[in-house]
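First up is the structure itself, then whatever we jot down about it.
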Amino acid sequence: MTGLATSRRAFVVMAGSGLLLGLVPKTSRAREVHRQGHPFGESLFRADQVPGDELVRRFLEIAPDGAVTVFSKHLDMGQGTWSGLASLVAEELDADWTKVRVTGAPVSDTAYANHMFQRQATGGSTSLANSWDELRRAGAVARAMVLAAAARSWGVPVETISLRDGVLTHGARRATLGDFARAAGDEEVPEEVALKPRSAWRLLGRDTPRTDMPGKVTGQTKYGIDGAWDDMRHAVVARTPRFGARLLHADTRAARAMPGVEAVVEIPSGIAVIARTTWHALRARDALTLTWSDEEGETRSDAQIARDHRAAMDRQAPSWDDVRGDPAAMLARAATRVEAEFTFPYLAHAAMEPLALLGRFDGTRCKLRGGFQTQTDNRAQVAAILGIEAKAVELETVPAGGSFGRRAGFTGDWVVEFAQLLKAARASYPIKLTWTREDDMRGGHYRPLMVYAMQGGLDAQGRLLALDMRLAGQSVTGNTPYPKPPYRDITVLEGNFHDLYDHPHSRLRFFHAGAAVPVVTYRSISNNHTGVAKEIFVDRLARAAGADPVAFRLALLGAEPRQAQVLRVAAKAAGWDTPPPRGITRGVAVHRSEGSCVAQVAELSGSPEDFRIERIVSAVDCGLAVNPDTVRAQVEGGTGFGLSSALYGEINLDHGAARQGNFDGYRLLRMNEMPRRIEVHMVESAERPSGIGEPGSVPGAPAVINALERMGMAPVTRFPVFASA
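So the number in our numbering is just where the residue sits in the sequence shown, counting from 1, plus 537.
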């Protein structure tokens, strides 16, 4: 507690008659980065340290009835984050798992900052890795204080009391955590506590029922789109149909005259209708007559944007140019050259819960309720728009029904829009803003459209001599406070061939190509296109070399032992060294992202025109699997997500306007198209937990595509593989 000008009483805060426990580090601590390298990269971090000026980190509460509430600084978007974080506390506290609950923490940079981002935010599959030490310590400290209170009350040595599943026992005496929660507040806070050895774990590393499942099954879980406040009004916004267009004129008379309409106000993103119900608001929005100017808007089709991206690679200097060795000379000496071009389309995030927010502003204070992924930035943005201090903005974070990067946008557009609505409405009532599915899908902030040109050279023995890789597209960091190109922009470069395979002669160039289409982070940052391109291209190199695709990859993974290991495990589990069953074609892929490694072997039957994915065998190294069942679920779900994106997903632009608006046009993988079987094999690891929400979404698609090309399908040049238009 060195350097804190505070009392123990201020550190251990009483909440009712229970124990509310926080932790403060002894000293400010510089950021922590994954040993394998963090996906957001050094260039995106501020160099300053985590500030230590806030008094208490509020991590857990023990109520008189023995219920334990864990306060999560991270957002749960359906991937089981809250349950995993709660298990860290429950393991060290020896709590009754059935009585552990989780709620979103309030906004506080100093109390709840993500150490890897230096602000309160969720992303890059960092939640468990970020909270691994502090939440286990919080549980251990609480345990020590409760045991000390029990020992004082019973007049026995503390080491003679056992604590298991929330029950304290000494001989015939029994009590619950709640029985001593209040008394624990009078105990000294131990400066040092011993964490459990792995051999003593009863929750961590085991399949454990998730805390969020009962609420989801019974419908009790409330998302941002759910619920209402007293006297609440409902709002929708008419936004530009064409990206970058400007509103010239709005005739709102018919809308204002409709039943149930409270107000029609202009905000920077369009015209907002506020009404008694969402239905009234939607009907009134349809009655608006709006005129837009395309003078500053995007008027190209997605096909034209792709052509302009290709032209950028030939006509402009690269924003990033990294050369290793002498690739040009080595390519000139190559016995065989392999070339490829890939075009990746714009993709909508298409989460099950469209964007929605509840909030109110009384002129001095503002409260918002929703699935916030970047709380620090969102609070600052709202405060700036409303002209109040950040501390006057309260964000209540509730679970989100998916995000896949949409809520993590650096601009916070959906939160900013709501703040602008509150400001313009000047209302005394709370408002709920809802984005319809069409609003969400046509509203932009997509995965960027990217174009790749790749060239590799092999010697006479089929060994890789050199690689040249060019890619062009938009960067998602365009509106961030971070450095602008030229710098190594990992939001477009992370996960590329140049970095993840070991070869001495290579060149990587990125050409920043502009468009008025707003783009934002997408599941697994740039790995969702760099990893796919990498794994298809390395398979083509292996075929050109006449080499086994697993052996060819292993020869290039000398600097990536963890990738090599998962590749071996997946290949062995799939029986790679034995011929596949009659009528089965195999494909393989391996990738590292978010600090984790995943390899997948796909087995397909049929033909390229009519195929079934019979089996996908996965091997995963995500450090310690805190809950193996959750890891399996994330790999299974991620596999389906990645296959949807690569095989069917795309947003087409017609004169700068998105053509798709709902799932009738935005094609997803159907149930009968999912792999019949997905096996997940976890590599035992003593490493800290690393990310798993995103890595499982990368290698499945290239593994399937590699199998299809081995079946005889023409080499893929554009995505989705099976275009709907």
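Backbone N, C-alpha and C define an ideal beta-carbon position, used for all residues, glycine too.
Of all C-beta pairs linking the stretch 884 to 896 to the stretch 950 to 962, three or more are shorter than 8 Å, placing the two stretches in contact. Assignment of Gly-1068 by DSSP, reduced to helix, strand and coil, places it in the helix class. Non-local C-beta neighbours of Arg-638 in its own chain, meaning closer than 8 Å and more than five positions away in sequence, comprise Ala-604, Val-605, Thr-606, Val-607, Ala-623, Thr-748, ordered along the chain. Separation of the CB atoms of His-982 and Phe-941 is rounded to 11 Å, and the pair is thereby denied contact status at 8 Å. Non-local beta-carbon contacts of Ala-961 in its own chain, meaning distances under 6 Å to residues more than five positions away in sequence, involve Val-802, Ile-804 in chain order.
Taking a cut-off of 8 Å on C-beta distances, the stretch 858 to 872 does not touch the stretch 1220 to 1236, as fewer than three cross pairs fall below it. Between the stretch 909 to 921 and the stretch 644 to 654, the count of C-beta pairs closer than 8 Å reaches three or more; the two stretches touch. The residue among Arg-1025, Ala-1088, Ile-968, Gly-1193 with its C-alpha nearest the C-alpha of His-771 is Ile-968. Contact between Leu-986 and Ser-1043 fails: their C-beta atoms lie close to 24 Å from each other, not under 8 Å.
Per DSSP, Phe-881 is one residue of the beta strand (DSSP E) stretching across 873 to 881.
The three-state secondary structure of Thr-973, taken from DSSP, is coil. For the stretch 790 to 820, the continuous beta strand (DSSP E) assignments of 3+ residues that do not extend past its boundaries occur at 798 to 804, 807 to 812, in sequence order. For a cut-off of 8 Å, the C-beta gap from Ser-609 to Ile-1229 is around 17 Å, too long to register as a contact. Sixteen is the threshold: when 16 or more other Cβ atoms of the shown chains lie within 10 Å of the Cβ of Met-1006, as they do, the residue is buried. With contacts defined as CB atoms closer than 9 Å, Val-774 and Ala-809 qualify as a contacting pair. Spatial neighbours of Gln-853 in its own chain (CB-CB distance under 7 Å, excluding positions within 5 residues in sequence) are listed in chain order as Phe-1048. Counting along the chain, Leu-705 sits inside the beta strand (DSSP E) bounded by residues 704 to 707.
In terms of Cβ geometry, Asp-1076 and Pro-1212 do not form a close pair [threshold 9 Å].
Counting other Cβ atoms within 10 Å of its Cβ, Ser-1182 reaches 16 or more and is therefore classed as buried. Scanning Thr-826, Ser-1155, Thr-745, Leu-612 for the CA closest to the CA of Arg-793 turns up Thr-826. The DSSP assignment places complete alpha helix (DSSP H) segments of no fewer than 4 residues inside the stretch 1032 to 1087 at 1034 to 1037, 1064 to 1082, in order along the chain. Note that the C-beta distance between Ala-1050 and Asp-1191 is not below 9 Å. Note on geometry: alpha-carbon atoms of Ala-1260 and Glu-1187 lie some 8 Å from one another. Contact between Met-978 and Tyr-1203 holds, since their C-beta atoms are separated by about 6 Å, short of 8 Å. Collapsing the DSSP output to three states places His-611 in coil. The beta carbon of Pro-796 sits closer than 7 Å to those of His-817, all from its chain and outside the five residues before and after it, given in chain order. Pairing Thr-880 with Thr-1254 gives a Cβ-Cβ distance under 9 Å. Around the beta carbon of Gly-764, fewer than 16 other beta carbons sit within 10 angstroms, so the residue counts as exposed. Going by DSSP, Arg-1129 is part of the beta strand (DSSP E) stretching over 1121 to 1130. Fewer than three pairs of CB atoms, one per stretch, sit closer than 8 Å, so the stretch 1134 to 1148 makes no contact with the stretch 713 to 722. Using a C-beta cut-off of 8 Å, the stretch 832 to 839 makes contact with the stretch 1050 to 1063, since at least three inter-stretch Cβ pairs fall below that distance.
The bridge partners DSSP lists for Val-1138 are Val-1125, Val-1154.
Sequence-distant partners of Val-1154 (beyond 5 residues in either direction) whose C-beta falls short of 6 Å from its own C-beta, in its chain, are Ala-1107, Ala-1110, Ala-1111, Val-1138, Glu-1216. Where Lys-928 is concerned, there is no enclosing alpha helix (DSSP H), because DSSP gives it neither an H nor an E. Under the three-state reduction of DSSP output, Asn-1199 falls in the coil class, being neither helix nor strand. Boundaries of the beta strand (DSSP E) around Val-988: 987 to 995.
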